[in-house]
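Chains as they are written, first to last, in my numbering: chain E, 29 to 270; chain Z, 500 to 916.
Just so you know, even glycine gets a beta-carbon here, dropped at the ideal spot from N, CA and C.
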């Protein structure tokens with residue numbers, strides 16, 4: 029991992045933007061969370077001001093935080109005579125469209141994550157903007173600041189349905205012409221909704237509801253495993269000797 | 500007076516110069532491009548979503564299939580993201596093996612690029628020469644992983660296994676016999692590292708051969724010099740990385756600027772272009788092959804001298820040896836848990852990038868502590884590059900669009916993901 033000092037960047041961010049950004053540092057990476065309303069002003073400053081010079085936009089992607097931290101296997105407590113079997117639950121790959129999870133109680137579901145790179149200062153920063161409205165997620169577009177954001181925002185729109193306000197040409201990009209839905213949302217089934225085949229009688233390609241059963245081989249599990257932490261710490265200490 | 504209207508043309512998705520499945524809708528004014536609208540996604544497989552439904556290790560193979568001509572570099576980004584979140588690091592020998600294979604991959608990619616790009620622009624022979632060496636390097640892939648392309652060789656915590664002591668040989672067959680067989684096996688008597696020693700000693704001469712076919716070739720220069728000029732400011736603004744950025748004269752290479760694996764110990768140079776046109780990017784890539792060759796030589800020398808483990812000794816992440824499983828109950832349990840459930844990765848997020856042959860290949864990984872990733876996003880260099888297509892080819896001739904597609908070094912496995 030690159031050992032670039034990040035403290036100065038954090039200090040500069042705090043001095044320049046104050047409470048506008050909620051800055052955290054983890055694993056040598058700086059993450060700044062900000063409100064959608066502030067994004068354009070902050071992004072412009074990050075690109076232009078001599079302290080930052082984030083001239084390159086590396087990446088924009090969407091995230092759907094629905095079902096974050098949900099598991100299918102209760103590993104902490106035994107129920108009655110045994111642990112749960114890990115065959116129920118509604119994470120990716122487990123449900124069809126009709127039984128998709130609908131009881132959304134996350135504070136805010138969608139976020140757009142922007143990765144910036146400064147070639148001059150050799151620094152990176154991550155901006156995260158949560159969308160206020162889950163039903164109609166909107167984030168301002170940064171295409172006017174970095175033209176390279178164009179396709180990345182189209183991709184996030186296509187896959188997550190996040191609307192980038194001010195984008196010049198917000199069309200679908202990766203999915204098929206005429207595709208319905210936003211496939212990377214956590215309540216979109218992994219198997220999809222329709223399948224395609226050639227119909228010999230009609231002599232054309234037809235769309236039909238999916239016929240395969242959703243299934244998952246390995247249940248999603250979170251373990252609070254002290255052994256693992258210790259083993260990892262030991263391995264981290266030892267790796268140079270290896 | 501007759502009205503003259505612009506003409507809309509479909510380029511691809513089935514076109515030999517489209518490098519896969521690019522559909523380009525071109526608005527033409529005679530031979531001149533007025534507007535280019537690339538339609539991508541015909542190869543979209545939802546890799547990122549598929550990865551969410553599988554334990555971490557089971558997605559390594561998907562990474563090979565993104566940019567399917569620079570396989571191990573993609574694995575490297577993904578594996579490093581997992582290692583970063585878990586706070587483990589691969590043993591030093593594994594770091595050198597990864598460095599060596601990243602560079603082998605770079606040569607593989609650039610050979611493919613120089614061959615197919617020359618083919619697009621009408622030079623048939625380069626392809627035949629480039630694929631000769633590609634075959635030799637794919638044998639190295641096969642020797643180490645069993646697969647010529649989709650290796651799945653890197654693992655969190657190291658690499659799958661150590662380098663083989665014996666390079667695989669050709670057996671006598673109706674197609675390979677006599678003097679031909681002897682020539683094919685000449686380098687293969689010793690270990691894989693011996694084979695690479697022979698290869699790297701010979702390879703600069705082979706690069707000279709490609710260069711004598713192209714570098715001063717009048718037609719090649721007519722097709723590439725001054726075509727697709729990208730200024731340094733534009734290159735930065737469009738998020739370009741790799742040879743696209745260096746061709747415009749910006750010295751930026753993650754291997755130097757943010758070194759990972761064993762690159763900090765390597766001695767190599769970063770070639771730069773001056774004009775930012777297709778010809779400069781060609782020169783940059785050819786020189787990169789020479790530099791990769793140097794790095795491989797340094798890695799081979801180090802690996803010959805320094806044996807050691809290639810995987811962390813941590814059974815929560817890496818499987819125990821077969822031998823141990825026969826005698827040790829703990830090892831058997833670890834093996835079972837690792838292959839049925841996988842390992843949990845601490846909650847958090849990380850962005851790890853490598854200097855892939857095409858540019859910065861990044862993996863943004865979000866984990867909520869489970870044995871499967873919560874979100875994987877792969878930042879493909881080709882995706883960022885292709886998005887500038889419209890702005891670059893406006894005003895160029897139709898034939899220059901082909902040169903531009905070539906110089907972007909597009910592979911649709913990574914653009915569409």
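* Through-space distance from residue 893(Z) to residue 845(Z), alpha-carbon basis -> Translated into positions along the second chain, residue 845(Z) becomes position 346. Translated into positions along the second chain, residue 893(Z) becomes position 394. Cα-Cα distance, rounded: 48 Å.
* Taking contact to mean at least 3 C-beta pairs separated by less than 8 Å, is the stretch 744–751 of chain Z in contact with the stretch 776–787 of chain Z? -> yes
* Asked: Residues in the stretch 829–855 of chain Z with C-beta within 9 Å of chain E's C-beta atoms, listed in sequence order?
  -> 839, 840, 841, 842, 843, 845, 846, 847, 848, 849, 850, 851 and 852
* Asked: How is residue 572(Z) classed by DSSP in three states: helix, strand or coil?
  -> Here residue 572(Z) refers to the residue found at position 73 when the second chain is read from its first residue. Residue 572(Z) falls in the helix class under three-state DSSP.
* Alpha carbon to alpha carbon, how far is residue 532(Z) from residue 507(Z)? Give it in angstroms, no decimals. => Locating residue 507(Z) in the second chain gives position 8, where the first residue counts as 1. Locating residue 532(Z) in the second chain gives position 33, where the first residue counts as 1. Taking the straight line joining both Cα atoms gives about 10 Å.
* Below-8 Å beta-carbon distance, residue 125(E) vs any chain Z residue -> For the purposes of this step, residue 125(E) is taken as residue 97 along the first chain, with counting starting at 1. Chain Z, which has no Cβ nearer than 8 Å to the Cβ of residue 125(E), makes this no.
* residue 552(Z) CB to nearest chain E CB: under 8 Å? -> In the second chain, residue 552(Z) corresponds to position 53, counting from 1. So yes, residue 552(Z) belongs to the interface.
* is_contact[residue 85(E), chain Z] using C-beta, thresh 8 Å -> As a first step, residue 85(E) is located in the first chain; it is residue number 57 there, counting from the start. Answer yes: the Cβ-Cβ gap between residue 85(E) and chain Z drops below 8 Å somewhere.
* Would you report the Cα separation of residue 525(Z) and residue 94(E), rounded to the nearest angstrom? -> Along the second chain, one-based indexing puts residue 525(Z) at 26. Along the first chain, one-based indexing puts residue 94(E) at 66. Distance between the alpha carbons of residue 525(Z) and residue 94(E): 40 Å.
* If you count every other CB in all the chains shown that lies within 10 Å of the CB of residue 707(Z), and 16 or more means buried, which is it? -> Indexing the second chain from 1 puts residue 707(Z) at position 208. When all chains shown are included, residue 707(Z) counts as exposed.
* Asked: When you compare each of 705(Z), 679(Z), 674(Z) and 667(Z) to residue 687(Z) by their alpha carbons, which one comes out closest?
  -> Position 188 of the second chain, counted from the start, is the residue given in the question as residue 687(Z). Measuring from the Cα of residue 687(Z), the nearest candidate turns out to be 667(Z).
* Asked: Helix, strand or coil for residue 270(E) per DSSP?
  -> Against the first chain, residue 270(E) aligns to sequence position 242. Summary for residue 270(E): the model assigns pLDDT 43, below 50, so the residue's position carries little reliability; its value from the coordinates is reported in the next sentence. Coil.
* To do: Enumerate in chain order the residues of its own chain whose CB-to-CB distance from residue 125(E) is below 6 Å, with the five nearest sequence positions on each side excluded.
  => Mapped onto the first chain, residue 125(E) falls at position 97. Counting only Cβ-Cβ distances below 6 Å, and skipping sequence neighbours, we find 217 and 221.
* **Continuous beta strand (DSSP E) stretch holding residue 316(E): start and end** => Shown here, chain E extends from 29 to 270; a query on residue 316(E) therefore has no answer.
* Cα-Cα separation between residue 551(Z) and residue 867(Z), rounded to whole angstroms -> What you label residue 551(Z) is simply residue 52 of the second chain in a count that begins at 1. What you label residue 867(Z) is simply residue 368 of the second chain in a count that begins at 1. Their backbone Cα atoms lie some 11 Å apart in a straight line.
* For residue 826(Z), does the count of other Cβ atoms within 10 angstroms reach 16, so buried, or fall short, so exposed? -> Numbered from 1 along the second chain, position 327 holds the residue referred to as residue 826(Z). Exposed, because fewer than 16 other Cβ atoms sit within 10 Å of the Cβ of residue 826(Z).
* Would you call the stretch 554–571 of chain Z and the stretch 756–772 of chain Z in contact, with 3 or more CB pairs under 8 Å? -> no
* Taking the continuous alpha helix (DSSP H) assigned at residue 633(Z), which residues delimit it? -> Looking up residue 633(Z) in the second chain gives position 134. Segment 623–644, the alpha helix (DSSP H) holding residue 633(Z).
* Asked: Taking the C-alpha atoms as reference points, what is the distance between residue 650(Z) and residue 193(E)?
  -> Your numbering for residue 650(Z) matches position 151 in the second chain. Your numbering for residue 193(E) matches position 165 in the first chain. Spanning the two alpha carbons is a distance of roughly 42 Å.
* Asked: So, does the CB of residue 99(E) fall closer than 8 Å to a CB anywhere in chain Z?
  -> The count along the first chain starts at 1 and reaches residue 99(E) at position 71. Yes, contact with chain Z.
* To do: Put residue 538(Z) into one of helix, strand or coil per three-state DSSP.
  => Position 39 of the second chain, counting from 1, holds the residue named residue 538(Z). Strand.
* Of the listed residues 862(Z), 594(Z) and 816(Z), nearest to residue 805(Z) (C-alpha basis) -> On the second chain, residue 805(Z) is found 306 positions in, with the first residue counted as 1. If we check each option's Cα against that of residue 805(Z), 594(Z) comes out closest.
* Asked: Can you give the Cα-Cα distance for residue 622(Z) and residue 682(Z), rounded to whole angstroms?
  -> On the second chain, position 123 is the one that residue 622(Z) refers to. On the second chain, position 183 is the one that residue 682(Z) refers to. Cα-Cα distance, rounded: 28 Å.
* Select from the stretch 790–821 of chain Z all residues with a C-beta closer than 8 Å to any C-beta belonging to chain E, and list them in chain order. => 807, 808, 811, 812, 813, 814, 815 and 816
* To do: Give me the Cα-Cα distance between residue 190(E) and residue 889(Z), rounded to the nearest whole angstrom.
  => Your numbering for residue 190(E) matches position 162 in the first chain. Your numbering for residue 889(Z) matches position 390 in the second chain. Cα to Cα, the separation comes out at about 24 Å.
* Note down the Cα distance separating residue 239(E) from residue 203(E), rounded to an integer number of angstroms. => Taking the first residue of the first chain as position 1, residue 239(E) is located at position 211. Taking the first residue of the first chain as position 1, residue 203(E) is located at position 175. So the alpha carbons of these two residues sit roughly 20 Å apart.
* Asked: Touch check for the stretch 79–92 of chain E and the stretch 142–156 of chain E: three-plus C-beta pairs under 8 Å?
  -> yes
* **Segments assigned alpha helix (DSSP H), at least 4 residues, entirely inside the stretch 663–724 of chain Z** => 677–684, 691–713 and 717–723
* To do: Please determine if the stretch 511–527 of chain Z and the stretch 539–547 of chain Z are in contact, where contact requires at least 3 C-beta pairs separated by less than 8 Å.
  => yes
* Enumerate in chain order the residues of its own chain whose CB-to-CB distance from residue 511(Z) is below 6 Å, with the five nearest sequence positions on each side excluded. => Residue 511(Z) sits at position 12 when you count from the first residue of the second chain. Only 517, 521, 522 and 523 meet the Cβ criterion.
* Asked: Nearest to residue 606(Z) by alpha carbon, out of 837(Z), 869(Z), 793(Z) and 864(Z)?
  -> Stepping through the second chain from its first residue, residue 606(Z) is reached at position 107. Closest option to residue 606(Z), Cα to Cα, is 793(Z).
* To do: Name the two residues that bound the continuous alpha helix (DSSP H) containing residue 48(E).
  => Counted from its first residue, the first chain places residue 48(E) at position 20. Premise fails: residue 48(E) is in no alpha helix (DSSP H) and is neither H nor E.
* Verify the CB distance criterion: does residue 595(Z) have a CB-CB separation below 8 Å to chain E? => Here residue 595(Z) refers to the residue found at position 96 of the second chain. Output row for residue 595(Z): interface = no.
* Asked: Can you list, in chain order, the residues of its chain whose CB lies under 6 Å from that of residue 905(Z), leaving out five sequence neighbours each side?
  -> Within the second chain, numbered from 1, the residue matching residue 905(Z) stands at position 406. The answer, listed in chain order, is 616 and 619.
* Asked: Mind listing which residues of the stretch 863–888 of chain Z have their C-beta closer than 8 Å to chain E's C-betas, in chain order?
  -> 863, 865, 867, 868, 869, 870, 871, 873, 874, 876, 878, 882, 883, 885, 886 and 887
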